[in-house]
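**Q** For the record, the sequence lines run as chains A and B.
Reminder that position 246 of the first sequence reads as 246 in my numbering, one-by-one numbering, no gaps.
So the number in my numbering is just where the residue sits in the second sequence, counting from 1, plus 332.
Just so you know, even glycine gets a beta-carbon here, dropped at the ideal spot from N, CA and C.
Computed from a prediction, not measured in an experiment: that's the story for all the values here.
One structure, pasted below without further comment.
2 protein chains.
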Amino acid sequence: MEVVEPVCLPRLPRVVLCGGTHGNELSGVYLIRDLLKEVQQKEMEDDGLMSVLMVLSNPWAIQQCRRYVDTDLNRCFSHATLSGPVSDTAPYEIIWARELNAMLGPKGSPGAVDLVCDLHNTTANMGLCFIAYSDNDWICLHIFKHLQRQMPEMPMRFIHFDVSKKESYSLDSVGKHGFALEIGPQPHGVVRSNIYTAMKVGVQHILDWIRHFNSGAVSEGGYVDVFTMVKNIDYPRDSQTHNITAAIHPHLQDRDFCLLHPEDPLFRTFSGEDLTYKGNEPLYPFFINECSYYEKGIALSLARKKRVMIPPIRARTEEKQASERPCASEED
Amino acid sequence: MEVVEPVCLPRLPRVVLCGGTHGNELSGVYLIRDLLKEVQQKEMEDDGLMSVLMVLSNPWAIQQCRRYVDTDLNRCFSHATLSGPVSDTAPYEIIWARELNAMLGPKGSPGAVDLVCDLHNTTANMGLCFIAYSDNDWICLHIFKHLQRQMPEMPMRFIHFDVSKKESYSLDSVGKHGFALEIGPQPHGVVRSNIYTAMKVGVQHILDWIRHFNSGAVSEGGYVDVFTMVKNIDYPRDSQTHNITAAIHPHLQDRDFCLLHPEDPLFRTFSGEDLTYKGNEPLYPFFINECSYYEKGIALSLARKKRVMIPPIRARTEEKQASERPCASEED
Numbered sequence: 001m002e003v004v005e006p007v008c009l010p011r012l013p014r015v016v017l018c019g020g021t022h023g024n025e026l027s028g029v030y031l032i033r034d035l036l037k038e039v040q041q042k043e044m045e046d047d048g049l050m051s052v053l054m055v056l057s058n059p060w061a062i063q064q065c066r067r068y069v070d071t072d073l074n075r076c077f078s079h080a081t082l083s084g085p086v087s088d089t090a091p092y093e094i095i096w097a098r099e100l101n102a103m104l105g106p107k108g109s110p111g112a113v114d115l116v117c118d119l120h121n122t123t124a125n126m127g128l129c130f131i132a133y134s135d136n137d138w139i140c141l142h143i144f145k146h147l148q149r150q151m152p153e154m155p156m157r158f159i160h161f162d163v164s165k166k167e168s169y170s171l172d173s174v175g176k177h178g179f180a181l182e183i184g185p186q187p188h189g190v191v192r193s194n195i196y197t198a199m200k201v202g203v204q205h206i207l208d209w210i211r212h213f214n215s216g217a218v219s220e221g222g223y224v225d226v227f228t229m230v231k232n233i234d235y236p237r238d239s240q241t242h243n244i245t246a247a248i249h250p251h252l253q254d255r256d257f258c259l260l261h262p263e264d265p266l267f268r269t270f271s272g273e274d275l276t277y278k279g280n281e282p283l284y285p286f287f288i289n290e291c292s293y294y295e296k297g298i299a300l301s302l303a304r305k306k307r308v309m310i311p312p313i314r315a316r317t318e319e320k321q322a323s324e325r326p327c328a329s330e331e332d
Numbered sequence: 333m334e335v336v337e338p339v340c341l342p343r344l345p346r347v348v349l350c351g352g353t354h355g356n357e358l359s360g361v362y363l364i365r366d367l368l369k370e371v372q373q374k375e376m377e378d379d380g381l382m383s384v385l386m387v388l389s390n391p392w393a394i395q396q397c398r399r400y401v402d403t404d405l406n407r408c409f410s411h412a413t414l415s416g417p418v419s420d421t422a423p424y425e426i427i428w429a430r431e432l433n434a435m436l437g438p439k440g441s442p443g444a445v446d447l448v449c450d451l452h453n454t455t456a457n458m459g460l461c462f463i464a465y466s467d468n469d470w471i472c473l474h475i476f477k478h479l480q481r482q483m484p485e486m487p488m489r490f491i492h493f494d495v496s497k498k499e500s501y502s503l504d505s506v507g508k509h510g511f512a513l514e515i516g517p518q519p520h521g522v523v524r525s526n527i528y529t530a531m532k533v534g535v536q537h538i539l540d541w542i543r544h545f546n547s548g549a550v551s552e553g554g555y556v557d558v559f560t561m562v563k564n565i566d567y568p569r570d571s572q573t574h575n576i577t578a579a580i581h582p583h584l585q586d587r588d589f590c591l592l593h594p595e596d597p598l599f600r601t602f603s604g605e606d607l608t609y610k611g612n613e614p615l616y617p618f619f620i621n622e623c624s625y626y627e628k629g630i631a632l633s634l635a636r637k638k639r640v641m642i643p644p645i646r647a648r649t650e651e652k653q654a655s656e657r658p659c660a661s662e663e664d
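See below:
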């Protein structure tokens, strides 16, 4: 029997939890507020293995309970947007993204924090999802696998947006590792206790895993199903007014991650006509009828599923790093 | 066997359907748009029995997909707000409410339209509700009873806000008769096809009944269960920040109109503590976790249920009005 050597990866001493990147996605807003209240009593969490920084990422939008004030903050972290020219009259979020990047990054630099977990909600029936830009970031995939094991009752998927690190645009891309933790369904501007609790439990398991990893323990390898985003589909729209002319078909509504086949019903127009999916291959729909994507021209997204093998990993300890090389290493 | 004479009531020749009084409650917005599109092709609906005017009530809020721009339009139609002093710098909705009142009212005057049906959505699991200021407006109660018969599969309730005509504050109070047609659950800013269809079918049945009534036919009497609003309950809040510190308890969430007993769970705090209902009597909860009521300090409303007997009614025809009095009359 072949024994696979654990891949050695740098420890994750600086972890950041963000909520309220979208000010009306309330699970993260209230979870971060609650954790901050605990911190005031317990001091900053730093047990020698890691420090956790809690951030309410878009305070002005949170105050107004809106997704954003001027523009979507979670699209402002691409290299181009962070480094382009900016004036005093630039959208608030463009300016604020640079502040966050200075605090948590700079993106792509050795000084960037080790991991950013950004908390989100969706009106789509997606359960708990990780959204990441890589399908081979063993840290993110191991954390996901750990959550799957710890919360077997929770529908859980790993979504991969195939975008380069440079072009990646969301807040979590500022960290050396990062992902969005997306939970739904929940209307924006509402807190549902079950969704809040799922996020709270998920975050505790994430921090537990990082502590375990930082301690030097081995995390066993295995498999993760990864949903790689292929394309978006917009609503049918009136050519003159650009208003939508149909809603998600009732047979498709709430069926995120149920395979959509060619000719399956996709939309029902407001006058009652059914429209079907005209693609060539069956794909997995997600973000079905997400509120905030009406303005982005996205009625749903479609993904291809694949199984990714992840190796066992463990943290490279400083002593071992200096003297011996007992395990495979990826990043030297 | 006693035969109950039908109560004679004035016909309802001028009917108004409103959508988008709250700009992010999308079923009404898209239904009115769709009906207006039909009207452009078919001429204004006026078959001699009635005319139907379709109104998108808060165009600026609709454009921004927000509940309102400056203040809640659907709280601007009390006598005091409509007749008080107003400057050019008054909130947009205060000024706009006067325009609507001039067009559809004036409220309380003989020139007011006969019936206003104002279309709304809620994030609460309320099914289809009528919300009215009277528990003895036979027109509204008969329309409700008609809908119950026509849509037996749809959970349906009649909610009574016990407020005087003068103090009534919502757009539907501008008509001689009026009610809000509230359907949920649906996140604001989202259209769900099943909710849209329920509203569309409901509106068709409402118009059918009015046409039937205006034709002079008798509508049989019967009973309607009326939920009279007793009080609102706010979320627990932090005394300093005024932020909420708990969500609706998972056992109560989505259980609108299921009797709430003293000591039943009401909230779960963000740190995990359960809080119970401290009232003295069992009451019916509704608007549980309605998104827009966070800012109004309402986590849920509570109602008492009673059964109201409604008499048979028919329209007073002009000939009969002039010569004979074949049936009981209420309004002379």
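Along the segment 247-268 of chain A, what residues have a CB closer than 7 Å to any CB found in chain B?
**A** Residues passing the 7 Å Cβ filter: A247, I248, H249, P250, Q253, R268.
**Q** Run through DSSP, which three-state label would T269(A) get?
**A** Looking up residue 269(A) in the first sequence gives position 269. Here T269(A) sits in strand by DSSP.
**Q** Could you pull out every residue in the same chain whose Cβ sits closer than 8 Å to the Cβ of S547(B), ignoring the five residues on either side in sequence?
**A** Taking the second sequence and counting its residues from 1, one reaches residue 547(B) at position 215. The answer, listed in chain order, is L381, A647.
**Q** Where R268(A) and Y235(A) are concerned, what is the direct C-alpha to C-alpha distance, given to the nearest angstrom?
**A** Here the question's residue 268(A) lines up with position 268 in the first sequence. Here the question's residue 235(A) lines up with position 235 in the first sequence. Going by the C-alpha atoms only, they are around 10 Å apart.
**Q** Kindly list the residues whose CB is nearer than 6 Å to the CB of Y133(A), restricted to its own chain and excluding five residues on each side of it in sequence; keep chain order.
**A** The sequence position of residue 133(A) within the first sequence is 133, counting from 1. Excluding sequence neighbours, Y133(A) sits near F161, V163, S168.
**Q** What residues match up with G127(A) in a beta bridge as DSSP calls it?
**A** Position 127 of the first sequence, counted from the start, is the residue given in the question as residue 127(A). G184(A).
**Q** Got a sec: is the Cβ-Cβ distance from C291(A) to anything in chain B below 8 Å?
**A** Here the question's residue 291(A) lines up with position 291 in the first sequence. Yes, its Cβ sits closer than 8 Å to a Cβ of chain B.
**Q** I want to see whether chain A comes within less than 8 Å of G534(B), judged by CB atoms only; does it?
**A** For the purposes of this step, residue 534(B) is identified with residue 202 of the second sequence, where counting begins at 1. Not closer than 8 Å to any Cβ of chain A, the Cβ of G534(B) fails to qualify, so no.
**Q** Is V39(A) close to chain B, meaning its C-beta is less than 8 Å from at least one C-beta of that chain?
**A** Here residue 39(A) is taken as the residue at index 39 of the first sequence, counted from 1. No, its Cβ sits nowhere closer than 8 Å to a Cβ of chain B.
**Q** By alpha-carbon positions, which one of E337(B), A512(B), C408(B), K369(B) ends up nearest to Q240(A)?
**A** The residue labelled residue 240(A) in the question sits at position 240 within the first sequence. The option with the nearest alpha carbon to Q240(A) is K369(B).
**Q** Runs of 3 residues minimum, wholly inside the segment 81-165 of chain A: which ones carry the beta strand (DSSP E) assignment?
**A** With a minimum length of 3 residues, the continuous beta strand (DSSP E) runs that stay inside the segment 81-165 of chain A are 115-121, 127-132, 156-160.
**Q** What do you get for C18(A), buried or exposed, if any count of 16 or more other CB atoms within 10 angstroms of its CB means buried?
**A** As a first step, residue 18(A) is located in the first sequence; it is residue number 18 there, counting from the start. Buried, by the Cβ-count rule.
**Q** Taking the C-alpha atoms as reference points, what is the distance between H146(A) and H205(A)?
**A** In the first sequence, residue 146(A) corresponds to position 146, counting from 1. In the first sequence, residue 205(A) corresponds to position 205, counting from 1. Computed Cα separation, rounded: 8 Å.
**Q** Please classify A635(B) as buried or exposed, where buried requires at least 16 other C-beta atoms within 10 Å of its C-beta.
**A** Within the second sequence, residue 635(B) is the residue found at index 303, counting from 1. A635(B) is buried by the Cβ-count criterion.
**Q** Taking Cβ-Cβ distances shorter than 8 Å, what residues in chain A pair up with N390(B)?
**A** Stepping through the second sequence from its first residue, residue 390(B) is reached at position 58. Neighbours of N390(B) on chain A: none; closest Cβ ~16 Å, over 8 Å.
**Q** Identify each residue in the segment 172-199 of chain A for which the Cβ-Cβ distance to at least one residue of chain B is less than 7 Å, and report them in chain order.
**A** Cβ contacts with chain B come from P187, H188, G189, V190, V191, R192, S193, N194, Y196.
**Q** Using beta-carbon positions only, say whether L405(B) and W428(B) come within less than 8 Å of one another.
**A** Working through the second sequence from its first residue, we reach residue 405(B) at position 73. Working through the second sequence from its first residue, we reach residue 428(B) at position 96. Taking 8 Å as the Cβ cut-off, L405(B) and W428(B) qualify as a contacting pair.
**Q** Starting from the C-beta of L473(B), find all residues in its chain whose C-beta is less than 6 Å away, skip the five residues before and the five after it, and write them out in chain order.
**A** Residue mapping note: residue 473(B) aligns to position 141 of the second sequence, counting from 1. Cβ neighbours of L473(B) beyond the five flanking positions: V556, I642.
**Q** What in chain A is Cβ-close to D366(B), meaning under 7 Å?
**A** Locating residue 366(B) in the second sequence gives position 34, where the first residue counts as 1. Residues of chain A passing the Cβ test: F270, S271.
**Q** Residues in the same chain with beta-carbon distance under 7 Å from A322(A), minus the five sequence neighbours each way, listed in chain order, please.
**A** For the purposes of this step, residue 322(A) is taken as the residue at position 322 of the first sequence. Because the pLDDT of A322(A) is 44, which lies under 50, any placement of that residue in the model is unreliable, and the question is left without a value.
**Q** Report buried or exposed for S27(A), applying the criterion of at least 16 other Cβ atoms within 10 angstroms of its Cβ.
**A** In the first sequence, residue 27(A) corresponds to position 27, counting from 1. Per the 10 Å Cβ criterion, buried.
**Q** Between the beta-carbon of F559(B) and the beta-carbon of T577(B), is there less than 8 Å?
**A** Translated into the one-based positions of the second sequence, residue 559(B) becomes position 227. Translated into the one-based positions of the second sequence, residue 577(B) becomes position 245. In this structure, T577(B) does not lie closer than 8 Å to F559(B) by Cβ.
**Q** Return the chain-ordered ranges of every beta strand (DSSP E) run that is complete within the segment 558-641 of chain B and spans a minimum of 3 residues.
**A** The qualifying runs are 578-580, 597-601, 606-608, 616-618.
**Q** Does K42(A) get closer than 8 Å to chain B when you measure Cβ to Cβ?
**A** Taking the first sequence and counting its residues from 1, the one referred to as residue 42(A) is at position 42. In this prediction, K42(A) scores a pLDDT of 43, lower than 50, which makes its location untrustworthy; the coordinate-derived value is nonetheless stated afterwards. Not one chain B Cβ lies under 8 Å of K42(A).
**Q** N575(B) versus chain A: which residues are under 7 Å apart at the beta carbon?
**A** Here residue 575(B) corresponds to residue number 243 of the second sequence, with the count starting at 1. Within chain A, the residues near N575(B) are R33.
**Q** Tell me whether T353(B) is buried or exposed, calling it buried when 16 or more other Cβ atoms sit within 10 Å of its Cβ.
**A** By 1-based counting over the second sequence, the position of residue 353(B) is 21. Its Cβ being crowded by 16 or more others within 10 Å, T353(B) is buried.
**Q** So that I know if they touch, is there some Cβ in chain A lying closer than 8 Å to that of Y609(B)?
**A** Position 277 of the second sequence, counted from the first residue, corresponds to residue 609(B). Taking Cβ atoms only, chain A never reaches closer than 8 Å to Y609(B), which makes this a no.
**Q** Quick one: residues in its chain with C-beta nearer than 6 Å to the C-beta of N457(B), no 5 flanking neighbours on either side, listed in chain order?
**A** Position 125 of the second sequence, counting from 1, holds the residue named residue 457(B). The answer, listed in chain order, is P517, D586, D588.
**Q** Check each candidate in S51(A), D88(A), S292(A), V203(A) and name the one with the smallest Cα separation from M151(A).
**A** Position 151 of the first sequence, counting from 1, holds the residue named residue 151(A). The residue with the shortest Cα to Cα distance from M151(A) is V203(A).
**Q** Provide the residue span of the beta strand (DSSP E) that contains L207(A), from first to last.
**A** As a working mapping, residue 207(A) is identified with position 207 in the first sequence. Counting along the chain, L207(A) falls outside any beta strand (DSSP E), though it belongs to the alpha helix (DSSP H) covering 193-214.
**Q** How big is the Cα-Cα spacing for S57(A) and L100(A)?
**A** Working through the first sequence from its first residue, we reach residue 57(A) at position 57. Working through the first sequence from its first residue, we reach residue 100(A) at position 100. Rounded to the nearest angstrom, the two C-alpha atoms are 8 Å apart.
**Q** So is T403(B) in contact with chain A if we call contact Cβ pairs under 8 Å?
**A** For the purposes of this step, residue 403(B) is taken as the residue at position 71 of the second sequence. Not one chain A Cβ lies under 8 Å of T403(B).
**Q** What residues match up with Y555(B) in a beta bridge as DSSP calls it?
**A** Taking the first residue of the second sequence as 1, we reach residue 555(B) at position 223. BP columns for Y555(B) point to M641(B).
**Q** Can the beta-carbon of S193(A) be found closer than 8 Å to that of I580(B)?
**A** As a position in the first sequence, residue 193(A) is number 193, starting the count at 1. As a position in the second sequence, residue 580(B) is number 248, starting the count at 1. Cβ distance < 8 Å, so S193(A) and I580(B) count as in contact.
**Q** Going by DSSP, which residues form a beta bridge with M54(A)?
**A** Here residue 54(A) refers to the residue found at position 54 of the first sequence. In DSSP, M54(A) forms a bridge with L17(A).
**Q** Consider the Cβ of Y362(B): report whether some Cβ of chain A lies at a distance smaller than 8 Å.
**A** Numbered from its first residue, the second sequence carries residue 362(B) at position 30. Taking Cβ atoms only, chain A reaches closer than 8 Å to Y362(B), which makes this a yes.
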